[in-house]
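In what follows, a single structure is set out as structure tokens and then discussed.
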Amino acid sequence: MTVSTPRPREPQTPPRPAGSSTTRTALALVAASLPMFMSTLDNLVMTTALPVIRHDLSASLEQLQWMVNAYTLAFASLMIAAATLGDRVGRRRTFVLGIALFGAGSVASALAGSAGMLVAARAVQGAGSAAILPLSLTLLAGAVPQERRAMAIGVWGALSGLGVALGPVIGGAVVDGLSWQAIFWINVPVAVVSIPFVLRALPESFGRRQRLDLTGVVLAGLGVLSVVWGVVRADDDGWTSAAVLGRLVLGAVLLAAFVRRERRTDHPLIPLRLFAVRSFTVANIAGFAFAVGVFGVIFVLSQYLQISLGYTPLQAGLRTLPWTAAPMLVAPLAGLLAPRTGVRPLLTAGLALQAAGLAWIGLLVTGTTSYPAVVPGLVLAGVGMGLTFAPSATAVLADMTESEHGTASSVNATVRELGTALGVAVIVAVFQAAGGTLTPDGYAAGLRPAILVGAAVIAVAAAVALFMPAVTGRPAASAPAVRTPAGAVQPA
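Using the numbering used here, you'd call the opening residue of the sequence shown number 1096 and step up by one each time.
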């Protein structure tokens, strides 16, 4: 099933708002970055609020997982579709729709009176984010003058990383000072203010004409949902139960049908030919395993700091900063080193450091472990994350033609989000299978094997990274412009 709509006429040069170059750049940065920051913040903003939400809504551990997974699954499943829709009907129009949808999902989340309602509202938020993240960079690049584009994109990237790093801290501060509902209410004025900024500062633009493969969207989304649901229910129902096996088999069948669809259609959602490029394939396998290990562990570790060690949500959020904030310092250095050392040494070292850091924490953690004992592990994992981000992005775009860069970046972002959803499900399944409970005495019992499994998955990613071909990301002397996620233009 496909959707084909007439494409509006695209002007040769989209008009930019009147005013000085500096003013236009500043307005464009605010307009594109504010919704993006709000979106990335919500990836982890709930982690430090989960114990409070569990108490207030009488939520089970499975429901807590879905509060996180509903967001990431909707985000991952619809990202490429949203970028394709923006290319056809207008990127700014789709971007504004995403902001409005995210705001509506935030209102519904704040008003949720049950765990099920909150899960559904989080899915709406994720659908809005799917339109926000891939289009914000595209619109920013088209709105600023060429001579300021590199600076603007750099600020955009820094704010994206800052949103991820500050998620647990801001969530903890808001929960401590107000309530868990407030972590969603603060999104509403941001969304309301963002829309006028977008309409004033970001010109409308269109991309290449391509039909939206709705059949592919449905097959991929339902396939991943079925697999994750099976893993989530495995501990309660049993891995060999008919319900769990049925969901896993159904998911595998749907995903196989999706692959078959992508091979045969002339407008694939994910062009499978991209995986014939070794650097792209290695980067995606490593990125998927990285997301499974890291974000699954963040889910359980942030609750451990409150449930077992007795910290408040804010205190717990601050104590994750050696891990989540370190990439803000290390990632720019890795980007500078990549042209000299190549991607493979940095990516392999980064993943190995993350595995070592998590193993350190997993081997030490008990119900009475003091926070200073795990700080070295958090720092190792944080430095490793910083070494991973820039080289991984370089590898994804290496050996790709200019026309493939936007699709390749979007596919990589989707793969990481799917890894996040599956990682939460798998790590929590290990936690429960090892006898972990949401009590001060019982949490550490399941936490140790859960963290060690996360470390092992990342160690596998480090081994995969060894197969990365020689990639430096160093541009040629006369490199043409290339396209980043959803078509944003920046120097090659």
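Think of the CB as a built atom: it goes at the ideal place given N, C-alpha and C, for glycine as much as any other residue.
1. Between which two residues does the alpha helix (DSSP H) carrying L1349 extend?
2. What did DSSP end up calling D1137 once you bin it into helix, strand or coil?
3. For L1542 and V1491, which I take to be in contact (beta-carbon distance under 8 Å), what is that distance rounded to the nearest angstrom?
4. Quick one: is E1105 buried, meaning 16 or more other Cβ sit within 10 Å of its Cβ, or exposed?
5. The alpha helix (DSSP H) with Q1276 in it runs from where to where?
6. Identify whether L1473 lies in helix, strand or coil by the three-state DSSP scheme.
7. Within a Cβ cutoff of 6 Å, which residues of the same chain sit near A1571, ignoring the five residues on either side of it in sequence?
8. Which residues in the same chain as L1448 place their Cβ atom closer than 6 Å to its Cβ, once the five residues preceding and following it in sequence are excluded?
9. Report the rounded CA-to-CA distance for T1407 versus G1391, giving the unit in angstroms.
10. Hey, how far is the Cα of V1322 from the Cα of L1168?
11. Would you please state the rounded distance, in angstroms, between the beta carbons of N1379 and G1262? I believe it to be under 8 Å.
12. Which of the three DSSP states, helix, strand or coil, is assigned to D1494?
13. Please check the pair R1358 and L1364, which I expect to be a contact at CB under 8 Å, by giving their CB distance rounded to whole angstroms.
14. Tell me which residues share the same chain as T1515 and place their Cβ nearer than 6 Å to its Cβ, disregarding the 5 neighbours each side in the sequence.
15. Tell me whether V1288 is buried or exposed, calling it buried when 16 or more other Cβ atoms sit within 10 Å of its Cβ.
16. Count the other C-beta atoms from every protein chain shown that fall within 10 angstroms of the C-beta of S1465, then say buried if there are 16 or more, exposed otherwise.
17. Using the rule of at least 16 other Cβ atoms within 10 Å of the residue's Cβ for burial, across every protein chain shown, is T1143 buried or exposed?
18. Please list, in chain order, all residues of the same chain as L1156 whose beta carbon is under 6 Å from its beta carbon, the five residues on each side excluded.
19. What is the DSSP secondary structure of L1533, reduced to helix, strand or coil?
20. Would you identify the three-state DSSP class for L1432, choosing helix, strand or coil?
21. Can you give the Cα-Cα distance for W1280 and T1189, rounded to whole angstroms?
22. Residues in its own chain within less than 7 Å of Q1398 by CB, not counting five upstream and five downstream?
23. In chain order, what residues of the same chain lie with their CB nearer than 8 Å to the CB of V1559, ignoring the 5 residues before and after it?
24. Between which residues of its own chain and D1271 is the CB-CB distance below 7 Å, once the five residues before and five after are set aside?
25. Which residue's Cα is closest to the Cα of G1518: V1372, T1463 and V1163?
26. If you drop the 5 nearest sequence neighbours on each side, which residues of the same chain put their C-beta closer than 6 Å to that of G1181?
27. Judging by CA-CA distance, which residue of S1153, I1227 and A1199 is the nearest neighbour of A1216?
28. Taking buried to mean at least 16 other C-beta atoms within 10 Å of its own C-beta, is P1130 buried or exposed?
29. Given that a residue counts as buried once 16 or more other Cβ atoms are within 10 Å of its Cβ, and exposed if not, what is G1333?
30. State the DSSP-derived secondary structure class of L1307, mapped to helix, strand or coil.
31. Could you compute how far the alpha carbon of P1291 sits from the alpha carbon of A1222?
32. On the three-state DSSP scale, how would you describe F1301?
33. With burial defined as no fewer than 16 other Cβ atoms inside 10 Å of the residue's Cβ, what is the status of P1422: buried or exposed?
Looking at the atomic coordinates:
1. A1337 to R1359
2. In the structure shown, D1137 sits in a helix (DSSP, three-state: H, G or I).
3. Between the beta-carbon of L1542 and that of V1491 there is about 33 Å, and that puts the pair past the 8 Å contact cut.
4. With a pLDDT of 43 at E1105, under the threshold of 50, the predicted position of this residue should be treated as unreliable, and no value is reported.
5. Neither: Q1276 is in no alpha helix (DSSP H) and is coded neither H nor E.
6. Under the three-state reduction of DSSP, L1473 is assigned to helix.
7. Any reading at A1571 needs caution, since the residue's pLDDT is 41, under 50, leaving its predicted position unreliable; the model's value is listed next. So no residue of the chain qualifies.
8. L1475, V1478 and G1479
9. In this model, T1407 and G1391 are separated by some 21 Å (Cα to Cα).
10. 11 Å
11. That pair is no contact at about 24 Å.
12. coil
13. Incorrect: roughly 12 Å between the Cβ atoms, too far for contact.
14. T1167, A1386 and F1390
15. exposed
16. exposed
17. buried
18. Within the same chain, L1156 has no close Cβ partners at all.
19. Look at L1533 here: in three-state DSSP terms it is coil, with no helix or strand label.
20. In this structure, L1432 counts as helix in the three-state DSSP scheme.
21. 23 Å
22. L1145 and P1146
23. So the list reads V1377, I1380, A1381 and A1384, once near-sequence residues are dropped.
24. T1407, P1408 and L1409
25. When C-alpha distances from G1518 are compared across V1372, T1463 and V1163, the shortest belongs to V1163.
26. T1189 and L1230
27. A1199
28. buried
29. exposed
30. strand
31. 21 Å
32. coil
33. P1422 should be labelled buried.
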